[in-house]
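Quick note on UniProt numbering: the sequence shown kicks off at 1 and runs consecutively.
Ideal Cβ positions, reconstructed from N, Cα and C, are used throughout, including at glycine.
Given the structure is predicted, the values throughout are model-derived calculations rather than measurements.
Notes follow once the structure below has been shown.
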Amino acid sequence: MSKEMSADQLMQRIAEEYEGLSKQLKVIAKYIEEHRQTLILERITDIAQACEVQPSAIVRFAQRFGFSGFSDMQAVFRDAFAPAASNVNNYQKRIRSVIATQDTPLSNTQVTQNFIAACQQGLDELGQTLDPVAIDKAVDLLVKADNIYVVAVRRMFPIASYISYALQHTAKRVHLVSGLGGMYHDQIRSIRENDLLIAISFQPYGRETRYCARVAAQSKAKQLVITDSQLSPLSRHADAVLTVKEGSAFAFRSLTSTISLCQALFIALSYRLELVIEETRDAGAYDD
């Protein structure tokens, strides 16, 4: 059974059975959740040292979930995650791979058209797979929130920046958790029970975003998660989960579907609030 298990399925099982684990196994579970994209590069002794447990505890953890040992469990992550490298190197490898598989060089127009087609495909899939219940719940959370905190890192940061900008056109108090100056802890610490965290993260799920989600859960704040899978670690404490499968071309994932979903959420919220943006009071120019 373990050999047929995917990395996402394993993480889902770990999440479901987490409360029943011993203290040592809980430490190992948290480590695997936070480092699963690099787990294939690590030795059992490295993980044991990081978790402050004996290597035998790592073996017990693997056996707890149906594997013969650590190596058997580690293999599950091999297909799901490539070895970590810098974004620049990853992008270079992707482009070189595309060039190597083409019989003739593509024109600039062909490259552009192919990528646009992938974006369109992603939008079509988004329209076909939207969950009406999840959308209604997401808008309800936005309507009822006293404060709205928005967090996303790296590739998804522009999405967080946009939705924060859009929500500023409502009367809601909106906070972009940018982490500027390493201030993630300070920017999220004031979130409270009647507030909402919008967490946006796709595999391999930014650790900063997961940290903010944990703080929100501890503060009993509501959470709206935009991610690529219901099995995402961010889904664990979410009150509403919206999943997006982005189109991909030349091994690059689009942002089109995610930004469109966020725009749609803002429009739906505006409709619920009977908001007329043009009637927002103008405070005057900067030098008035």
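Worksheet item: Per the contact definition of three or more C-beta pairs closer than 8 Å, is the region 138-148 in contact with the region 166-181?
Response: yes
Fill in: C-alpha gap between S270 and V139, whole angstroms
Indexing the sequence shown from 1 puts residue 270 at position 270. Indexing the sequence shown from 1 puts residue 139 at position 139. Looking at the two C-alpha atoms, the distance is approximately 10 Å.
Item to complete: Classify K220 as helix, strand or coil using the three-state DSSP reduction.
Response: In the sequence shown, residue 220 corresponds to position 220, counting from 1. DSSP places K220 in coil when its eight states are reduced to three.
Item to complete: Tell me, please, whether the region 186-197 touches the region 155-164 by the rule of three or more beta-carbon pairs shorter than 8 Å.
Response: no
Practice prompt. Measure how close the beta-carbons of E246 and T258 come, nearest whole angstrom, since I'm counting them as under 8 Å.
Written response: The residue you call residue 246 lines up with position 246 of the sequence shown. The residue you call residue 258 lines up with position 258 of the sequence shown. About 7 Å; that satisfies the 8 Å criterion.
Practice prompt. Give me the Cα-Cα distance between E16 and R210, rounded to the nearest whole angstrom.
Written response: By one-based count along the sequence shown, residue 16 stands at place 16. By one-based count along the sequence shown, residue 210 stands at place 210. Distance between the alpha carbons of E16 and R210: 17 Å.
Fill in: Inter-residue Cα distance where the pair is E33 and T104
For the purposes of this step, residue 33 is identified with residue 33 of the sequence shown, where counting begins at 1. For the purposes of this step, residue 104 is identified with residue 104 of the sequence shown, where counting begins at 1. Approximately 43 Å, taken between the alpha carbons.
Item to complete: Using DSSP bridges, identify the partner residues of Y165.
Response: To locate residue 165, count along the sequence shown from 1; it is residue 165. In DSSP, Y165 forms no bridge with anything.
Worksheet item: Which of helix, strand or coil does DSSP assign to N147?
Response: Within the sequence shown, numbered from 1, the residue matching residue 147 stands at position 147. In the structure shown, N147 sits in a strand (DSSP, three-state: E or B).
Worksheet item: Excluding sequence positions up to five away, which residues of its chain have a Cβ less than 7 Å from the Cβ of A62?
Response: Taking the first residue of the sequence shown as 1, we reach residue 62 at position 62. These residues qualify, in order along the chain: G69, F70, D72 and M73.
Discussion item. Bridge partners for residue 310 per DSSP, in chain order?
Written reply: With the chain represented from 1 up to 288, any question about residue 310 goes unanswered, as that position is not in the structure.
Worksheet item: Between which two residues does the beta strand (DSSP E) harbouring L176 extend?
Response: Position 176 of the sequence shown, counted from the start, is the residue given in the question as residue 176. Residues R173 to L176.
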